[in-house]
Amino acid sequence: MGTEILEKIYKASDMAGGVKDIVVFTQSFKAFGSIVNDSKDNFKHILTLKNATICHHFDECSCNIESPKYEWLNINEEKIIAFSILGYLTCQN
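Shown next as structure tokens:
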């Protein structure tokens, strides 16, 4: 998606009324989480998610109890191939 993807993600979040919940696709996994957009907590060219769940790439993920969960997850901007801002994120355990 290029190196301007973070700007596009932050702009889409703002356009959605400040919604921070997101699903991010890379070539090897997808992750659900909440965007951290605070300059003191962000690294350049890295998307930081809080309370992230990782699922198999393009899999039907129900965020089950076995899905790996991370308090903080950093994703290299160059690895992001798609994203969607979520109005309401639910995980069924």
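Convert by adding 23 to the 1-based position in the sequence shown; the result is the number in this note's numbering. Virtual Cβ for every residue (Gly too), placed ideally from N, Cα, C. In this text the structure is predicted, and so the values were computed from the model without any measurement.
Is residue i helix, strand or coil by DSSP?
i           : result
residue 37  : helix
residue 109 : coil
residue 115 : Residue placement at residue 115 is flagged as unreliable, the pLDDT there being 49, under the threshold of 50; a coordinate-derived value is accordingly withheld.
Going by the beta-carbon positions, is the gap between residue i and residue j smaller than 9 Å?
i          : j          : result
residue 58 : residue 28 : no
residue 39 : residue 55 : no
residue 98 : residue 69 : yes
residue 94 : residue 67 : no
Find the nearest neighbour of residue i within the set the options, judged by alpha-carbon distance.
i           : options        : result
residue 47  : 77, 68, 40, 92 : 77
residue 92  : 53, 102, 38    : 53
residue 126 : 44, 61, 50     : Residue coverage of the chain in this structure runs from 24 to 116, which leaves residue 126 outside it and unanswerable.
Could you pull the start and end residues of the beta strand (DSSP E) that residue i belongs to?
i          : result
residue 44 : 44-48
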